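Take a look at the structure below.
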Amino acid sequence: MPYESISELPRSVRNLPSRAKAIYLKAFNSCWEDLDSAEDAVRERASHEAAWSAVKEQYEKDDETGEWVKSDDLMERRSRHVMRHRKSRPAGSAMQAKAHA
């Protein structure tokens, strides 16, 4: 059955950011309507799958924090982390690693 509001979404969606919840709701309802000739159980399963897919196109779960964040933001965080890590490594360590390879 389609959702009328974000507050009706399942528990598994409650930890998503507000915008991701709106994406989920819209994708779920759209898929539900598209499958109007299918059995309700099939519509339900397919609609949840479509909704999660729509969310995952724009959001990712951060492995470190467990929070859902926009994919672009997560990529930027990872990039900054890698750059900090590279700067904190001694200059000779890359050369030493190549010599031992």
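Here our numbering runs 30 ahead of the position in the sequence shown, where the first position is 1. Using N, Cα and C, we set each Cβ at its ideal position, and we do this for glycine too. This structure is a prediction, so every number in the text was calculated from the model and none was measured.
- Setting aside the 5 residues that flank it on each side, Val43 is surrounded in the same chain by Lys51 and Tyr54, each with a C-beta closer than 7 Å to its C-beta; the list follows chain order.
- In the three-state scheme derived from DSSP, where H, G and I count as helix and E and B as strand, Glu90 is classed as strand.
- Counting other Cβ atoms within 10 Å of its Cβ, Ser101 stays below 16 and is therefore classed as exposed.
- Taking 8 Å as the cut-off, the Cβ atoms of Trp82 and Lys91 do not count as close.
- In the DSSP assignment, Val99 falls within the beta strand (DSSP E) that extends over Trp98 to Lys100.
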